[in-house]
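Here the structure comes first, spelled out in structure tokens, and everything after it is commentary.
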Amino acid sequence: QKEVEQNSGPLSVPEGAIASLNCTYSDRGSQSFFWYRQYSGKSPELIMSIYSNGDKEDGRFTAQLNKASQYVSLLIRDSQPSDSATYLCAVNPISSNTGKLIFGQGTTLQVKP
Amino acid sequence: EPEVTQTPSHQVTQMGQEVILRCVPISNHLYFYWYRQILGQKVEFLVSFYNNEISEKSEIFDDQFSVERPDGSNFTLKIRSTKLEDSAMYFCASRATGFRNSPLHFGNGTRLTVT
Numbered sequence: 008q009k010e011v012e013q014n015s016g017p018l019s020v021p022e023g024a025i026a027s028l029n030c031t032y033s034d035r036g037s038q039s040f041f042w043y044r045q046y047s048g049k050s051p052e053l054i055m056s057i058y059s060n061g062d063k064e065d066g067r068f069t070a071q072l073n074k075a076s077q078y079v080s081l082l083i084r085d086s087q088p089s090d091s092a093t094y095l096c097a098v099n100p101i102s103s104n105t106g107k108l109i110f111g112q113g114t115t116l117q118v119k120p
Numbered sequence: 241e242p243e244v245t246q247t248p249s250h251q252v253t254q255m256g257q258e259v260i261l262r263c264v265p266i267s268n269h270l271y272f273y274w275y276r277q278i279l280g281q282k283v284e285f286l287v288s289f290y291n292n293e294i295s296e297k298s299e300i301f302d303d304q305f306s307v308e309r310p311d312g313s314n315f316t317l318k319i320r321s322t323k324l325e326d327s328a329m330y331f332c333a334s335r336a337t338g339f340r341n342s343p344l345h346f347g348n349g350t351r352l353t354v355t
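Those protein sequences? They're chains W and Z, same order as listed.
So for the first sequence, our numbering puts the first residue at 8; every next one is plus one.
So for the second sequence, our numbering puts the first residue at 241; every next one is plus one.
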């Protein structure tokens with residue numbers, strides 16, 4: 008079983024729509040979850056972190072966490088063409104005490120004008 | 241805003257040669273990491289480093305790899321005898337604290353091409 012799973016996409020949404028990106032993880036004890044954005048050929052860039060069940064909002068971005076279902080999601084409201092990128096879900100597994108992150112494959116988002 | 245700096249941005253080397261990838265983490269950060277990303281694949285953990293020693297390494301990080309913090313600012317990844325399959329983007333990352341909530345900050349990466 009993969010540690011962090013994401014649908015690779017591409018997910019295509021029209022400009023102005025809500026994009027919904029999903030992620031599941033296998034380590035039930037994981038406590039810290041991160042969303043990174045990666046443009047082609049570039050490094051991962053932190054968008055949001057979430058640690059508690061529920062929603063966390065930051066501007067156009069909302070992260071949602073459900074630890075019972077081992078599920079994390081990222082909603083992007085009012086999607087813009089500049090949001091077109093690969094979105095990486097990353098988890099800090101309970102099995103590691105070094106702060107390493109395990110990344111999913113990433114979901115490619117295409118926002119069409 | 242402080243950032244992680246990596247050099248060179250692109251390194252081309254012949255199979256069997258040694259390469260050293262360099263990183264300058266954010267100055268007050270204490271935890272350092274190397275990741276790699278083969279083209280089209282996911283970002284993979286290689287090694288974590290704290291208090292001048294390796295704290296965790298993955299199966300990928302075999303005897304051909306080593307890390308060092310030779311002074312107060314640089315953090316290096318050495319590949320002793322490169323193979324074709326070492327071709328990838330290598331990212332250095334650093335983190336301020338040991339708290340699980342502390343995010344990793346990534347450098348711009350070094351693209352390693354082994355011919």
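Just so you know, even glycine gets a beta-carbon here, dropped at the ideal spot from N, CA and C.
Only a predicted model underlies this, so the values are computations on that prediction, with no experimental measurement involved.
Residue nearest to residue i in terms of C-alpha spacing, selected from the options
{"i": "Z/Phe346", "options": "Z/Thr253, Z/Arg276 and Z/Lys297", "result": "Z/Arg276"}
{"i": "W/Ser33", "options": "W/Ala26, W/Gln87, W/Ala75 and W/Tyr58", "result": "W/Ala75"}
{"i": "Z/Gln281", "options": "Z/Tyr330, Z/Leu344 and Z/Gly338", "result": "Z/Tyr330"}
{"i": "W/Ser37", "options": "W/Asn29, W/Gln77, W/Glu64 and W/Arg44", "result": "W/Gln77"}
{"i": "W/Arg35", "options": "W/Glu64, W/Pro100, W/Pro51 and W/Asp85", "result": "W/Pro100"}
{"i": "Z/Glu299", "options": "Z/Asn292, Z/Lys323 and Z/Glu284", "result": "Z/Glu284"}
{"i": "W/Pro49", "options": "Z/Val354, Z/Thr355, Z/Gly349 and Z/Thr353", "result": "In the sequence under discussion, the amino acid at residue 49 of chain W is Lys, which differs from the Pro named in the question. Checking every option, the nearest Cα to that of W/Lys49 belongs to Z/Gly349."}
{"i": "W/Pro21", "options": "W/Ser15, W/Pro88, W/Ser47 and W/Phe40", "result": "W/Pro88"}
{"i": "Z/Ser306", "options": "Z/Ser342, Z/Ser295 and Z/His269", "result": "Z/Ser295"}
{"i": "W/Gly106", "options": "Z/Ser313, Z/Ser288 and Z/Ser321", "result": "Z/Ser288"}
{"i": "Z/Leu344", "options": "W/Gly16, W/Phe40 and W/Ser80", "result": "W/Phe40"}
{"i": "W/Ala28", "options": "W/Glu10, W/Leu108 and W/Ser91", "result": "It is worth fixing the name first, because residue 28 of chain W is Leu in this sequence and not Ala. Comparing Cα-Cα distances from W/Leu28 to each of W/Glu10, W/Leu108 and W/Ser91, the minimum goes to W/Ser91."}
{"i": "Z/Gln254", "options": "Z/Gly312, Z/Lys323, Z/Asp311 and Z/Glu243", "result": "Z/Lys323"}
{"i": "Z/Lys318", "options": "Z/Asn291, Z/Asn341, Z/Phe339 and Z/Leu286", "result": "Z/Leu286"}
{"i": "Z/Leu270", "options": "Z/Thr337, Z/Asn341 and Z/Gly256", "result": "Z/Thr337"}
Close Cβ partners of residue i (< 7 Å) along its chain, the five nearest in sequence each way excluded
{"i": "W/Asn73", "result": "Asn60"}
{"i": "W/Ser102", "result": "Asp34"}
{"i": "W/Thr31", "result": "Glu12, Gln77 and Tyr78"}
{"i": "Z/Ser327", "result": "Leu352, Thr353 and Val354"}
{"i": "W/Asp85", "result": "Gly23 and Arg67"}
{"i": "Z/Ile357", "result": "With chain Z running from 241 to 355 in the structure shown, residue 357 of chain Z is simply not present."}
Close-in-space but distant-in-sequence residues of the same chain around residue i (CB under 6 Å, 5 per side omitted)
{"i": "Z/Phe315", "result": "Cys263, Pro265, Phe272 and Arg309"}
{"i": "W/Thr69", "result": "Asp62 and Leu82"}
{"i": "Z/Glu258", "result": "Arg320"}
{"i": "W/Pro51", "result": "Tyr43, Gln45 and Leu95"}
{"i": "W/Thr93", "result": "Gln45, Gly113 and Thr115"}
{"i": "Z/Val252", "result": "Thr353"}
{"i": "W/Pro17", "result": "Thr115 and Gln117"}
{"i": "Z/Ser313", "result": "Val264"}
{"i": "W/Ser15", "result": "Gln112"}
{"i": "W/Glu10", "result": "Ser33 and Ile109"}
First through last residue of the beta strand (DSSP E) which encompasses residue i
{"i": "Z/Tyr275", "result": "Tyr271 to Gln277"}
{"i": "W/Thr93", "result": "Ala92 to Asn99"}
{"i": "W/Ala26", "result": "Ala26 to Tyr32"}
{"i": "W/Asp62", "result": "Gly61 to Asp65"}
{"i": "W/Phe41", "result": "Ser39 to Gln45"}
{"i": "Z/Tyr290", "result": "Glu284 to Tyr290"}
{"i": "W/Pro21", "result": "Leu18 to Pro21"}
{"i": "Z/Ile266", "result": "Careful: Z/Ile266 lies outside any beta strand (DSSP E) and carries neither H nor E."}
{"i": "Z/Ala333", "result": "Ala328 to Arg335"}
{"i": "W/Lys49", "result": "First-last for W/Lys49: undefined, no H or E at that position."}
{"i": "W/Thr114", "result": "Thr114 to Lys119"}
{"i": "Z/Thr353", "result": "Thr350 to Val354"}
Same chain, Cβ closer than 8 Å to residue i, neighbours up to 5 away in sequence not counted
{"i": "Z/Ser249", "result": "Asn348, Gly349, Thr350 and Arg351"}
{"i": "W/Lys119", "result": "Ser19, Val20, Pro21, Glu22 and Pro88"}
Residues sharing a beta bridge with residue i, DSSP
{"i": "Z/Ile300", "result": "DSSP, once it has assigned bridges, lists no residue as partnering Z/Ile300."}
{"i": "W/Gln124", "result": "Shown here, chain W extends from 8 to 120; a query on residue 124 of chain W therefore has no answer."}
{"i": "Z/Glu308", "result": "Z/Thr316"}
{"i": "Z/Met255", "result": "DSSP, once it has assigned bridges, lists no residue as partnering Z/Met255."}
{"i": "Z/Ile294", "result": "Z/Phe289"}
{"i": "W/Ser56", "result": "W/Phe41"}
{"i": "Z/Glu241", "result": "Bridge partners of Z/Glu241: none, in fact."}
{"i": "Z/Gln246", "result": "Z/Cys263"}
{"i": "W/Glu12", "result": "W/Thr31"}
Per-residue contacts from residue i into chain A (C-beta, under 7 Å)
{"i": "Z/Val283", "result": "Included in the structure are the protein chains W and Z, with no chain A among them."}
According to a CB-to-CB cut-off of less than 7 Å, which residues of the region 310-341 of chain Z neighbour chain W? Correct list: Phe331, Arg335, Gly338, Arg340 and Asn341.
Output, in sequence order along the chain, the residues in the region 31-43 of chain W whose CB is closer than 7 Å to any CB in chain Z. Cβ contacts with chain Z: Gln38, Ser39 and Phe41.
Just by C-beta distance, which residues in the region 288-301 of chain Z are closer than 8 Å to chain W? When C-beta distances to chain W are compared with 8 Å, the residues of the region 288-301 of chain Z below that value are Ser288, Tyr290, Ser295 and Glu296, in chain order.
Near-chain Z residues of the region 46-60 of chain W - C-beta to any C-beta below 9 Å: Taking 9 Å as the upper bound on Cβ-Cβ separation, chain Z lies near residues Gly48, Lys49, Ser50, Pro51, Glu52, Leu53, Ser56 and Tyr58 of the region 46-60 of chain W.
For the region 83-103 of chain W, which residues have a beta carbon sitting closer than 7 Å to at least one beta carbon of chain Z? Interface annotation for the region 83-103 of chain W against chain Z: Leu95, Asn99 and Ser103, criterion Cβ-Cβ distance under 7 Å.
Near-chain Z residues of the region 103-116 of chain W - C-beta to any C-beta below 9 Å: Listed by position along the chain: Ser103, Asn104, Thr105, Gly106, Lys107, Leu108, Ile109, Phe110, Gly111, Gln112 and Gly113.
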